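*Asks:* Numbering (UniProt numbering), first residue to last: 1 to 181.
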């Protein structure tokens, strides 16, 4: 039986690794228009890999597989999503994974039906949100110098590159928002 309150991630010494060989491929970062941010994605997860993981249980193995499928398909802007979720949630009230990008990568490398993609997307979204919450709620991780630096550098570079400042219209794109597109 699944314990809905059981943490997905753990710091126990007897844990499954955070990043597996599948996740380390980072196929979604190939041909990135932002290699500077792509490098930081890899660096962040390499840094966390030695310190975080999953409980060594059947449920932990399922979460590990889902998380690494997400990493395999991840896009550079996940760093901005994480930074928003962890440090500037008040500027961007809703943070979600970009499943359009993830699904392009999943379809390119794995044959998946639309129904399978929906199931995978739901699982990835759940694991991603829990990952962000875990980092945000842990004084150790929210203040970790490497986590802060990698997310801040990515955020700064993204803002400089795109001129997409979320505070100029923070509610744009939120369902039900009259100022949205």
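For each residue, glycine too, the CB sits at the ideal point set by N, CA and C.
Here the structure is a predicted model, which means the values were calculated and not measured.
1. Over what stretch of residues does the beta strand (DSSP E) that includes residue 54 continue unbroken?
2. Can you name the start and end residues of the beta strand (DSSP E) that residue 16 belongs to?
3. Could you check if residue 139 belongs to the surroundings of the ligand NAD, using beta carbon to heavy atom distance under 6 Å?
4. Can you tell me the Cα-Cα spacing of residue 17 and residue 59, whole angstroms?
5. Cβ of residue 184 within 7 Å of Cβ of residue 23?
6. Does the structure place the stretch 27-37 close enough to the stretch 72-89 that three or more beta carbon pairs sit under 8 Å?
7. So, for residue 43: in the same chain, excluding its five sequence neighbours on each side, which residues have a beta-carbon less than 7 Å away from its beta-carbon?
8. Going by alpha carbons, who is nearest to residue 135 out of 19, 30, 156, 147?
9. Pull the bridge partners of residue 10 from the DSSP assignment, please.
10. Could you check the C-alpha separation between residue 88 and residue 80 for me, to the nearest Å?
11. Do residue 82 and residue 125 have their CB atoms nearer than 7 Å?
12. By the 10 Å Cβ neighbour count, where 16 or more other Cβ atoms means buried, how is residue 69 classified, buried or exposed?
13. Please list the terminal residues of the continuous alpha helix (DSSP H) segment that includes residue 115.
14. Can you tell me whether DSSP reads residue 160 as helix, strand or coil?
15. In angstroms with no decimal places, state the Cα-to-Cα distance between residue 120 and residue 66.
*Replies:* By the coordinates alone:
1. 53-55
2. 15-17 is the extent of the beta strand (DSSP E) around residue 16.
3. With respect to small molecules bound, the structure shown includes none, and the ligand NAD cannot be examined in it.
4. 14 Å
5. Past the edges of the chain, shown from 1 to 181, lies residue 184, and the structure says nothing about it.
6. yes
7. 150
8. Looking only at 19, 30, 156, 147, the smallest Cα-Cα distance to residue 135 is reached by 147.
9. 53
10. 10 Å
11. no
12. Burial is judged here by how many other beta carbons sit within 10 angstroms of a residue's own beta carbon; residue 69 has at least 16 and is buried.
13. 114-137
14. helix
15. 8 Å
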